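If you're matching positions, the sequence shown starts at 181 in this note's numbering and goes up one per residue. Note that beta-carbon positions come from the ideal geometry of N, C-alpha and C, so glycine has one too. Note that this is a predicted model, so its numbers are computed, not measured.
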Amino acid sequence: MKNIVFTMLLALVSCTAFSQIKYTEEKNPDLSKMLAKVHTNSAFGFKNYLVKTFVINPDLGYSKNEDPEGANQNAYISVSFLEKLITTKLYKVDTLINPEVIGVGEVPNGFEITIDHGLPEDRIEEVFTLVMPKR
Numbered sequence: 181m182k183n184i185v186f187t188m189l190l191a192l193v194s195c196t197a198f199s200q201i202k203y204t205e206e207k208n209p210d211l212s213k214m215l216a217k218v219h220t221n222s223a224f225g226f227k228n229y230l231v232k233t234f235v236i237n238p239d240l241g242y243s244k245n246e247d248p249e250g251a252n253q254n255a256y257i258s259v260s261f262l263e264k265l266i267t268t269k270l271y272k273v274d275t276l277i278n279p280e281v282i283g284v285g286e287v288p289n290g291f292e293i294t295i296d297h298g299l300p301e302d303r304i305e306e307v308f309t310l311v312m313p314k315r
């Protein structure tokens with residue numbers, strides 16, 4: 181019985197010892213507002229590049245159109261070239277309804293981006309090539 185109580189006490193102490201995560205409130209209202217608009221994001225790593233995608237609500241809520249099922253959102257694609265000095269280019273795909281970036285693949289002249297968008301009963305999957313400038 182003592183062993184069981186000791187084991188339970190040890191487990192309780194161990195759990196509280198590992199939960200010492202500290203946090204502070206971020207007081208930057210511009211950063212708060214910007215991050216509140218982020219709907220989803222993804223990252224795709226390649227040998228010399230890091231591609232991040234973000235789906236952003238243009239307003240702090242969903243679109244103000246009459247269609248409650250569809251949210252007009254923008255997809256941003258950030259491409260960082262990983263070298264001694266990291267350089268980043270940002271691209272924007274305007275006004276898609278409920279977009280989701282499904283995948284990013286490297287192709288000889290840039291990246292192949294697959295985006296799924298539309299209302300739930302009428303989703304469309306589209307693929308386009310984001311052509312990167314020569315380095």
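Self-check item: Which of helix, strand or coil DSSP assigns to L299
Solution: For the purposes of this step, residue 299 is taken as the residue at position 119 of the sequence shown. The answer is coil: DSSP assigns L299 none of H, G, I, E or B.
Quiz item: From F224 to T294, what does the alpha carbon distance come to, in whole angstroms?
Solution: Looking up residue 224 in the sequence shown gives position 44. Looking up residue 294 in the sequence shown gives position 114. Cα to Cα, the separation comes out at about 12 Å.
Quiz item: Going by Cα to Cα distance, which pick from P238, G298 and V273 is closest to Y256?
Solution: As a first step, residue 256 is located in the sequence shown; it is residue number 76 there, counting from the start. Out of P238, G298 and V273, V273 has the C-alpha closest to the C-alpha of Y256.
Self-check item: Cα-Cα separation between T309 and K202, rounded to whole angstroms
Solution: For the purposes of this step, residue 309 is identified with residue 129 of the sequence shown, where counting begins at 1. For the purposes of this step, residue 202 is identified with residue 22 of the sequence shown, where counting begins at 1. When rounded, the distance between both Cα atoms is 43 Å.
Practice problem: Mind checking which residues open and close the alpha helix (DSSP H) that includes L215? | Solution: Taking the first residue of the sequence shown as 1, we reach residue 215 at position 35. First-last of the alpha helix (DSSP H) with L215: P209 to A216.
Quiz item: Going along the chain, which residues of its own chain have a beta-carbon closer than 6 Å to the beta-carbon of V311, five neighbours each way excluded?
Solution: For the purposes of this step, residue 311 is taken as residue 131 along the sequence shown, with counting starting at 1. The beta carbon of V311 is closer than 6 Å to those of N289 and G290 in its chain, skipping five residues each way along the sequence.
Quiz item: Among T220, G283, E286 and S258, which residue has its Cα nearest to the Cα of Y271?
Solution: Position 91 of the sequence shown, counted from the first residue, corresponds to residue 271. Nearest of T220, G283, E286 and S258 to Y271, Cα basis: S258.
Quiz prompt | For T204, the three-state DSSP class (helix, strand or coil) | solution = Your numbering for residue 204 matches position 24 in the sequence shown. In the structure shown, T204 sits in coil (DSSP, three-state: anything other than H, G, I, E or B).
Exercise. Report the residue from L230, I277 and V218 whose alpha carbon sits nearest the alpha carbon of T268.
Key: Residue 268 sits at position 88 when you count from the first residue of the sequence shown. Measuring from the Cα of T268, the nearest candidate turns out to be L230.
Self-check item: Minimum C-alpha distance to V281 - residue among F261, M214, L265 and I304
Solution: Mapped onto the sequence shown, residue 281 falls at position 101. It is I304.
Quiz prompt | 8 Å contact criterion, which N252 and T275 should meet: CB distance rounded | solution = Here the question's residue 252 lines up with position 72 in the sequence shown. Here the question's residue 275 lines up with position 95 in the sequence shown. Contact between N252 and T275 holds, since their C-beta atoms are separated by about 5 Å, short of 8 Å.
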